[in-house]
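Reviewing the structure listed below.
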Ligand SMILES: [Zn+2]
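Residue numbers (this note's numbering): 163 to 499.
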């Protein structure tokens, strides 16, 4: 099936967009992160994603699809499967009715288990369109339990030293996983407003965080850990409110910490401690997903072209679509069968 990447994935034979970044008549929205959404007239999405997007789609006519439910569209059917990345995140399987051909678009993908997400479900396909955010061999994460155990130790030390620990994680997904891990380790947590609001939406969808957490109201109680999205605003807010001018220590949870501190997209100032914990698959997870779904053709999107190069060396017809494509990728642009 022909695949074009142009600020989103486009299937011209079906006139179907997947995660288009410009408003379209019909597009699947794989999950609620801002680099995957637009105000389409008819977005196709899971109930979890719709819940998270709330008023953003107030002028749209959303088509909700539960995981595993099927929608007829043109000459194909569309089915969504869990992607393991955040609440509501979905892989999209497009099956052509005329010849049974199957294309799977992963959206953002996480293959390691998460305590609060629906686990990823591998879906066999003919054509695989897979994200390659961490599609470079530098990005191999340690086991999650290791990063979590280190985080607990570091935070406990900072509290003992009289410092104010602030954990930084993206407001949707990462922050709620951090909340789960902090709560189950017995820490009291005060969440920045948007992190808290999204946590409530997870709860409305049936996720339980347990533990003792609240919205950050400018005060800090004894023994409390703050949970904020990364960025300048977090540092400004925390500095304005820290009690007794206590020293503040930032702990950042990010996959970029795995690449020897190299941050290809220049994402802000690093924390006092940076731990490689991500809601994405790492390089090895991405490589392992390909044989698990047995495609004949692979396209990689977002991130690095290195994943496609490695897959070609492993014998797959693979190419990277988008800005970072190399001449070798372009040689593979035409479907091989
Ligand atoms: Zn995402």
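Glycine is no exception: its CB is placed at the ideal position from the N, C-alpha and C atoms.
Residue burial classification, residue i (beta-carbon count within 10 angstroms, cutoff 16)
i           : result
residue 428 : Per-residue confidence for residue 428 stands at a pLDDT of 48, beneath the threshold of 50, marking its modelled position as unreliable; the derived number appears in the next sentence. So residue 428 ends up on the exposed side.
residue 510 : Nothing in the structure corresponds to residue 510, since the chain is present only between 163 and 499.
residue 210 : buried
residue 259 : exposed
residue 335 : buried
residue 315 : exposed
residue 311 : exposed
residue 308 : exposed
residue 457 : buried
residue 468 : buried
residue 372 : exposed
residue 323 : exposed
residue 319 : exposed
residue 499 : Residue confidence is low: residue 499 scores 32 on pLDDT, short of 50, so the model does not pin down where it sits. No coordinate-derived value is stated.
CA nearest to the CA of residue i, picked from the options
i           : options               : result
residue 228 : 396, 356 and 252      : 252
residue 344 : 374, 363, 170 and 367 : 374
residue 279 : 337, 237 and 258      : 337
residue 488 : 477, 466 and 216      : 466
residue 213 : 193, 230, 198 and 197 : 193
residue 321 : 410, 173 and 366      : 410
residue 262 : 354, 237, 334 and 217 : 237
residue 347 : 197, 385, 225 and 297 : 385
residue 299 : 377, 361, 445 and 341 : 445
residue 391 : 313, 484, 328 and 163 : 328
residue 265 : 175, 319 and 313      : 175
residue 434 : 196, 443, 491 and 317 : 317
residue 355 : 332, 349, 372 and 188 : 332
residue 402 : 380, 219 and 412      : 380
residue 369 : 377, 342, 378 and 395 : 342
residue 184 : 178, 360, 169 and 361 : 169
residue 350 : 362, 377 and 360      : 377
residue 269 : 196, 326 and 491      : 196
Cβ distance (whole Å) where residue i is taken to contact residue j below 8 Å
i           : j           : result
residue 404 : residue 382 : 7 Å
residue 249 : residue 364 : 5 Å
residue 167 : residue 393 : About 28 Å; that fails the 8 Å criterion.
residue 286 : residue 455 : 5 Å
Nonlocal neighbours in the same chain, by C-beta distance under 6 Å from residue i, ignoring five residues either side
i           : result
residue 180 : 171, 190, 254 and 267
residue 447 : 273
residue 420 : 301, 303 and 438
residue 486 : 467
residue 188 : 204
residue 186 : 179 and 202
Contact set for residue i: own chain, Cβ-Cβ below 8 Å, skip 5 residues either direction
i           : result
residue 232 : 239, 240 and 241
residue 222 : 201, 202, 203, 204 and 205
residue 276 : 246, 339 and 441
residue 215 : 191, 194, 199 and 207
residue 164 : 173, 174, 175 and 497
Close-in-space but distant-in-sequence residues of the same chain around residue i (CB under 7 Å, 5 per side omitted)
i           : result
residue 436 : 414, 416 and 419
residue 282 : 244, 245, 246, 271, 272 and 273
residue 224 : 205, 207 and 212
Are there three or more Cβ pairs, one per stretch, closer than 8 Å when the stretch 449-459 is compared with the stretch 287-296? Between the stretch 449-459 and the stretch 287-296 there are three or more C-beta pairs closer than 8 Å, enough to call the two in contact.
Could you say if the stretch 474-488 and the stretch 455-463 meet the contact criterion of at least three C-beta pairs nearer than 8 Å? Short answer: they touch.
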